[in-house]
Amino acid sequence: MMTGQQPIIILKEGTKREKGKGAQSNNIMAALAISDAVKSTLGPKGMDKMLVDSMGDVVVTNDGATILKEIDVEHPAAKMIVEVAKSQDEECGDGTTSAVVLTGELLKHAGELLEQNIHPTVVCAGYKLAADKAKEVLNRIAMTIKPDDKKTLKDIATTSMASKGASGEKEKLAEVVVEAVLDVQEKVDNKIYVDLDNIQIQKKQGGGIANTEIIEGIILDKERVHEGMPKIVKNAKIALINTALEVKKTEVDARIQIQDPTQLQAFLDEEEGMLKKMVEKIKKSGANVLVCQKGIDDIAQHYLAKDGIFSVRRAKKSDLEKLSKATGGKIVANLDGLTSIDLGYAGSIEEKKIGDDKMTFVTNCKNPKAVSILIRGTTDHVIDELERALHDALSVVKVALEDGKMTSGGGAAATEIAMSLRDYAPNVGGREQMAIEAFANAIEIVPKTLSENAGLDPIDMMLEVRSQHKKGNIHAGINVLVGKVDDMFKNNVLEPLRVSFQEIEASTEAANMILRIDDVIASKGGGAPPPDMGGMGGMPPGMM
């Protein structure tokens, strides 16, 4: 800026600034680069990504949220797209890839409208109208799920796992998932709530995926503290304690002076007597199993073994809470207050060797409100990916149970939304009409990408799907396994309504936010990459 001959410098030296269309197209490019990175993982025929970090650690995954979490993204607009995947994952646990791909496609179509000199706020307004209409359509085509309909819940879990590496064993795993969610569901005022924290997942290498099992109780990754204790305890009465069975140290610095050897022995005897009393209090309560969150002194271990009390020390706080839910026991902080009422019950407690490690299985609990899934697999990478698949499946079954609504998968809902939006757009009129039509074209990216990833012709597939929907078959979608358009409801490809809802909400909000940016001011050393690149700073080679 010049006044007379004197330049006025407002921004610091080295600050990069991009304005107007340049900034918008750069942001759109970055978002598209992110969306293209995960596009090929969508659907049952989607491929996996191998991500290698700076330490050389390898992650092999098909999960959109994991891929975007693992890669270092440089471009600020691209980071906003990563947030979409994060919010989708937290809200529904599944649909992350679809949400990111849809955001990228919405921005791509918006870019074409901006080229035609349509103002970004008009596009945003049109997108907002289209998203509201899309939710209306979803509500119209949604079907009800009965809480006791195990078969439908299994189909929803199977659909979620179809694209993951675990798909070969998806029937078995779906059973485990549905069983676990139904075990921990709670009814409050006739509404169902599921807290997934009550499902504990333990991973152990060895065996195959098919060896994965559900335990009606809790698995502790601990062994008993003393060899003299029984390995198996039937009809276990469990004391859950979060205080140490050790002689307390004094709060302030204290010195104990001992003049002659007999006093030393008396001191040691007193210490032993204190520990013996602690064990007696546990025995008196009627407990034959002790799970302690803190340490257990060697002398205390000896007395516990003598009394035949199976004991575990340094159990995790979260495991102790799950045990409390599974066995109905109370977590006690003071041994003086321990009574038989505080004890939990389990039909059996057993130390088993799984792989190289010994683990404690707490099973046959009465009406357990916390359960465990023991994941087995040949390698760590297989187990980690299986855990991600189970997380997605558990989340969708939880959401389906809580909401009691579902839609058909395979791009059926997306096509129905697109058809409805095309009918709706002319009624709105004005320039927003173009934005609504752009939204309709963008949402079809889901069935299109499913077709592409399965090696089918996306144009032929889309024409066929649309014609089926025109005839009133709202469940018509892409059956990638047989390579043709099919009734997805009859093929049991189902997903919870909340997943589609959240996809539309998250992607519309993110796209609108990015579209409204017309000025990027990046200070020196700040995040904005040079304008010529899509801004995918740390993307591993071959990911683009």
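Throughout the sequence shown, residue numbering follows the numbering used here, covering 571 to 1114 in sequence.
All residues carry an ideal CB built from backbone N, CA and C; glycine is no exception.
Is it true that the CB of residue j sits closer than 8 Å to the CB of residue i?
i, j, result
"VAL932", "ILE866", "no"
"ALA916", "GLN770", "no"
"VAL652", "SER605", "no"
"MET989", "ARG1036", "yes"
"VAL754", "VAL764", "yes"
"ALA600", "THR673", "no"
"THR1019", "LEU612", "yes"
"ASN858", "PHE880", "yes"
"PHE1059", "LYS705", "no"
"ALA712", "GLU739", "no"
"ALA1010", "LEU991", "yes"
"ALA1092", "THR585", "yes"
"THR897", "LYS792", "no"
"GLY1047", "SER978", "yes"
"GLN772", "ILE1044", "no"
"THR631", "GLU955", "yes"
"ALA963", "SER730", "yes"
"LEU684", "GLN594", "yes"
"ALA1024", "GLY981", "no"
"VAL1090", "GLU588", "yes"
"THR728", "GLY974", "no"
"ALA750", "ILE784", "yes"
Taking residue i and residue j to be in contact with their CB atoms under 8 Å, please state how far apart those CB atoms are, rounded to whole angstroms.
i, j, result
"ASP889", "ILE788", "7 Å"
"ALA870", "MET848", "6 Å"
"ALA885", "LEU971", "Not a contact, Cβ separation roughly 30 Å."
"ILE1006", "ALA995", "4 Å"
"LEU677", "ILE598", "5 Å"
"LEU845", "LEU815", "7 Å"
"VAL693", "ALA680", "5 Å"
"LYS757", "ALA744", "Not a contact, Cβ separation roughly 23 Å."
"LYS864", "THR813", "6 Å"
"LYS734", "ALA959", "4 Å"
"LYS895", "LEU766", "Not really, about 13 Å apart at Cβ, beyond 8 Å."
Count the other CB atoms, across all protein chains shown, that sit within 10 Å of the CB of residue i; report buried if there are 16 or more and exposed otherwise.
i, result
"MET1109", "Its pLDDT being 48, under 50, MET1109 is placed unreliably in this model, and the coordinates cannot settle the point."
"PRO938", "buried"
"HIS645", "buried"
"SER624", "exposed"
"VAL622", "exposed"
"MET976", "buried"
"ALA607", "buried"
"ASP664", "buried"
With DSSP collapsed to three states, give me the class of residue i.
i, result
"VAL643", "coil"
"GLU588", "strand"
"PHE880", "strand"
"VAL1052", "coil"
"GLU685", "helix"
"GLN575", "coil"
"ARG946", "strand"
"LYS854", "helix"
"THR909", "coil"
"GLU891", "helix"
"GLY674", "helix"
"THR813", "coil"
"SER1093", "coil"
"ILE1087", "coil"
"PHE1071", "helix"
"ILE580", "coil"
"GLY665", "coil"
"ALA916", "strand"
"LYS1080", "For the sequence presented, residue 1080 should be read as Ala rather than Lys. ALA1080 falls in the helix class under three-state DSSP."
"PHE1059", "coil"
"ASN934", "coil"
"ASP926", "coil"
"ILE901", "strand"
"LYS847", "helix"
"GLU841", "helix"
"MET1044", "Residue 1044 is actually Ile in this sequence, not Met. DSSP places ILE1044 in coil when its eight states are reduced to three."
"VAL1125", "The chain is shown only over 571 to 1114; residue 1125 falls outside these bounds and no answer can be derived."
"ILE808", "strand"
"PRO1066", "strand"
"GLU955", "helix"
"ILE828", "coil"
Self-check item: Inside the stretch 607-631 only - alpha helix (DSSP H) runs reaching at least 4 residues
Solution: Secondary structure within the stretch 607-631: not one fully enclosed alpha helix (DSSP H) run of 4 or more consecutive residues is present.
Quiz item: Which full runs of the alpha helix (DSSP H) of 4+ residues lie inside the stretch 959-1028, going along the chain?
Solution: Within the stretch 959-1028, the alpha helix (DSSP H) runs of at least 4 residues that lie entirely inside it are, in chain order, 982-998, 1002-1013, 1015-1023.
Self-check item: Residue ranges of each alpha helix (DSSP H) within the stretch 689-715, 4 or longer
Solution: DSSP runs (the alpha helix (DSSP H)) wholly in the stretch 689-715: 690-711.
Quiz prompt | Whole alpha helix (DSSP H) elements within the stretch 719-792, 4-residue minimum | solution = The qualifying runs are 720-731, 740-754.
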